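Engineer:
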Amino acid sequence: MTKKRRKDYQTIIARTFTMIVSLCIPLLGISGETTRSNDPVFKKLHKGINIDTAHRDVGVWPKIQHDAANFEAAADAGFDSVRVFLPVHANYESTEQQINDAFSNNLAIVVCMWGSAAWSGDPKLGERQMADKWRILAKTWKKYPNDLVFEILNEPEGIGFVKARGATKVMRLYNAAVQAIRDVDPDRPILIGAPGYNDSEFLDPYVTEQYLTYKFEGSKGFYDDFNTGVAIHFYSPKHKDGLNFAMWTMGLGKDELKWKTPITKEIINAVNWRKRIGEDIPIITTEWGCWLFPNRIDQDLNKWLDHHVGLFDSHNIGSMWYTGIQNNQRAFGIFNSETGWNQTVLDKLTGVQPAVLPIISQVINGEFHKPDHAWRLTSGEITREYIYGKKAFSGISMLKLNVPADTEGQLYLQTYEDKHGYKGAPGRTLLHLIKGQTYKISFIAASEDGEGRMKISLKDAKNMSPIYDSSEADGGWLKIGKVPRTYTRLYQHTAETEMDVRLEFDIGSKQQVLYLDKVDLIRN
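Under numbering that gives the first Met the number 0, the letters of the sequence shown match residues 0 to 523, in that order.
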């Protein structure tokens, strides 16, 4: 047999085996695992959604601000739980508001920590800081019921703990954090993520008592901890699989095995891990999803969704789609502030048709956090500075604009470009105006000398044709005084729906220093 024929034969055998496993795995049970009385909250995480938004005191530029309406939308769409993020060095008060908002809507909530890139270079520092932060949170939030879940760390590889090389190091951080929590609260539900990007392939051997040596209530350990589950992430198939459906625009194609195998493999890894340790520990996929855009074929999307959901259901694995709400342009997002939920996806996740479209702002980085790739200036002569601290009109930051004499220029927000790590899927745009709706544009502003001025515009982002000009509606420029206050303008959109809009503040033609904060564009 030639080398080529031998290789082809081996490939056929391997693919046939994978196909058999892929088709048969939904029939496998968990008979080899010990029956456990796991906390009921883990079942609520079987119908969950990520809500990835910013806060007034901490945020990332491509996100809208948290609003209680976000959680109202999730509950109305049939979800039982939400997942949010807390950077390790951020204050926890804003996250506490999210916890309260979740409970007000009868939702369980997972609070997942973002770590520090410094930890991979100094794991001992990571152990101390992780343990200290989670100890504080465990004490502070012990008042809450078990519908609050702690997810110890999001995607360790993202902060430098790369694959198997970083696995043993990051497991020490996990162990220190869980020990700190259990010392304070032995019953708080916890999710321990797999190493890497929370990859299921690293559950075995790392998410085991070999590496998780914490103890509580005497001699109890990880396998005795009925309030602890594990978290995995995957987006499949993607580039490394030769068919990038999850993170690009490719279709599934005709080879069913090619796209099903990578998905099934992620589940096989988790099922095999649970069988090997012999414990029915809850497994929650706290992130999974794919790009969604107007030209994505529904037939492909439905088949892809059915395969995931079937595997989750067959193997008692939780599901939290990433992401529900972040901004209207986000490639993975299944909620749009002006058009509602992606019903094709929602039919598979909850089967609910929401009755209400909540009122949610479309503006990203309206509190002006750095770095800022959202807001742009048309003139290089106008300079901007981000003011942090108590001087900010809202939250912890605001924008300062220095406009020289005889300089024309505008500050604007529109569909962002494919860079800075947030690629836009084709056909997804940021700001919309729906025919018949009235919109409120609001912001806090002040000028250094009390003689500032600006005007507000809405334009078609494709050709810059005007839609709304506040100076025409008001009969002149908007005067900005020295004392900060909220300015509001209403606009009723009677023209046809426009899905790609530019929000613009004209600040030129007069020498001035302006301060701007808390910008919103929202249905009234």
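We treat Cβ as the ideally placed atom computed from N, Cα and C, and that holds for glycine.
As the structure is a computational prediction, the values presented were derived from the model and not from experiment.
1) What number of angstroms, rounded off, separates the C-alpha of F221 from the C-alpha of I262?
2) Quick one: Cα of G323 to Cα of P357, how far?
3) Can you tell me the Cα-Cα spacing of D371 and E265, whole angstroms?
4) In chain order, what residues of the same chain lie with their CB nearer than 6 Å to the CB of N197, ignoring the 5 residues before and after it?
5) Which residue marks the beginning of the alpha helix (DSSP H) containing M170, and which one marks its end?
6) In terms of residue numbering, what span does the beta strand (DSSP E) encompassing F442 cover?
7) Assuming the contact rule is C-beta atoms closer than 8 Å, W113 and L172 should be a hit. Round their C-beta distance to whole Å, please.
8) Let me confirm a value: I551 is counted as buried when at least 16 other C-beta atoms fall within 10 Å, else exposed. Which label applies?
9) Would W320 pass as a contact of L348 if the rule is Cβ separation under 8 Å?
10) Looking only at its chain, what residues have a beta carbon closer than 7 Å to the beta carbon of K599, apart from the 5 residues adjacent to it on each side?
11) Which word fits R164, buried or exposed, when buried means at least 16 other C-beta atoms lie within 10 angstroms of its C-beta?
12) Tell me which residue opens and which closes the alpha helix (DSSP H) that E265 is part of.
13) In terms of residues, what are the limits of the alpha helix (DSSP H) holding S469?
14) Could you check whether the Cβ of G228 sits closer than 8 Å to any Cβ belonging to chain D?
15) What are the residues that DSSP puts in a beta bridge with W303?
16) Can you tell me whether DSSP reads Q409 as helix, strand or coil?
17) Look at the alpha carbon of N90 and the alpha carbon of V161, and state the distance between them as a whole number of angstroms.
18) In terms of alpha-carbon separation, which member of Y490, P293 and I363 lies closest to R528?
19) Could you pull the DSSP bridge partners for Y385 from this structure?
20) Hey, could you find the ends of the alpha helix (DSSP H) T338 is sitting in?
21) Reducing DSSP to helix, strand and coil, say where T139 ends up.
22) With 16 as the cutoff for other CB atoms within 10 Å, does S235 come out buried or exposed?
23) My assumption, with CB atoms under 8 Å, is that I283 sits in contact with G228. Please give the rounded CB distance.
24) So for A74, helix, strand or coil by DSSP?
25) Grab the span of the beta strand (DSSP E) containing E531 for me, first residue to last.
26) Name the residue from V40, R35, D56 and D51 whose alpha carbon lies nearest to the alpha carbon of D516.
27) Look at the Cβ atom of A373, then the Cβ atom of L412, and state whether they are nearer than 8 Å.
28) Output yes or no for whether 8 Å exceeds the beta carbon distance between D299 and L242.
29) For D505, which residues in the same chain have their Cβ closer than 7 Å to its Cβ, ignoring the five residues on either side in sequence?
30) Which of the three DSSP states is assigned to N49 in this structure?
31) At a cut of 8 Å, does the segment 485–492 reach the segment 430–439 through at least three beta carbon pairs?
32) Please report the distance separating the alpha-carbon of L26 from that of E366.
33) Provide the residue(s) that pair with F215 in DSSP beta bridges, ordered along the chain.
34) Just to confirm, is the Cβ distance from M170 to Y205 under 8 Å?
35) Looking at the secondary structure, which residues open and close the alpha helix (DSSP H) in which F292 lies?
36) Looking at the unbroken beta strand (DSSP E) that takes in I283, where does it start and where does it end?
Structural biologist: Result, derived from the coordinates:
1) 28 Å
2) 14 Å
3) Using only the alpha carbons, I get a separation of about 36 Å.
4) A distance below 6 Å between beta-carbons, with the five flanking residues on each side excluded, links N197 to the following residues of its chain, in chain order: E154, A230, I231 and H232.
5) K162 to V183
6) Here the beta strand (DSSP E) through F442 covers T437 to S446.
7) Not really, about 13 Å apart at Cβ, beyond 8 Å.
8) No statement about residue 551 is possible, as the shown extent of the chain runs from 0 to 523 and does not include it.
9) Yes; because the gap between Cβ atoms is below 8 Å, this pair is in contact.
10) Summary: the structure shown does not reach residue 599, with the chain confined to residues 0 through 523, and so no result is reported for it.
11) Exposed, because fewer than 16 other Cβ atoms sit within 10 Å of the Cβ of R164.
12) E255 to I276
13) S469 to D473
14) Absent from the structure: chain D. Only one protein chain is present.
15) Beta-bridge pairing links W303 to no other residue.
16) strand
17) 28 Å
18) Because the chain spans 0 through 523 in this model, residue 528 falls outside it and cannot be assessed.
19) L398
20) Here T338 belongs to no alpha helix (DSSP H), and DSSP marks it neither H nor E.
21) helix
22) buried
23) Confirmed, Cβ separation roughly 6 Å.
24) helix
25) Nothing can be reported for residue 531, as the shown portion of the chain is limited to 0 through 523.
26) D56
27) yes
28) no
29) Take D505, set aside five residues on each side of it, and the residues of its chain with a beta-carbon closer than 7 Å to its own are Q409, M453, K454 and S456, in chain order.
30) Here N49 carries a strand assignment [DSSP, helix/strand/coil].
31) Touching, per the Cβ criterion.
32) Reliability of the predicted coordinates at L26 is poor, the pLDDT of 41 falling under 50, and the value obtained from them is presented with this limitation in mind. If I take the Cα positions, the gap works out to 50 Å.
33) Paired residue(s): K219.
34) yes
35) Looking at the DSSP string, F292 is not in any alpha helix (DSSP H), and its letter there is neither H nor E.
36) I282 to E286
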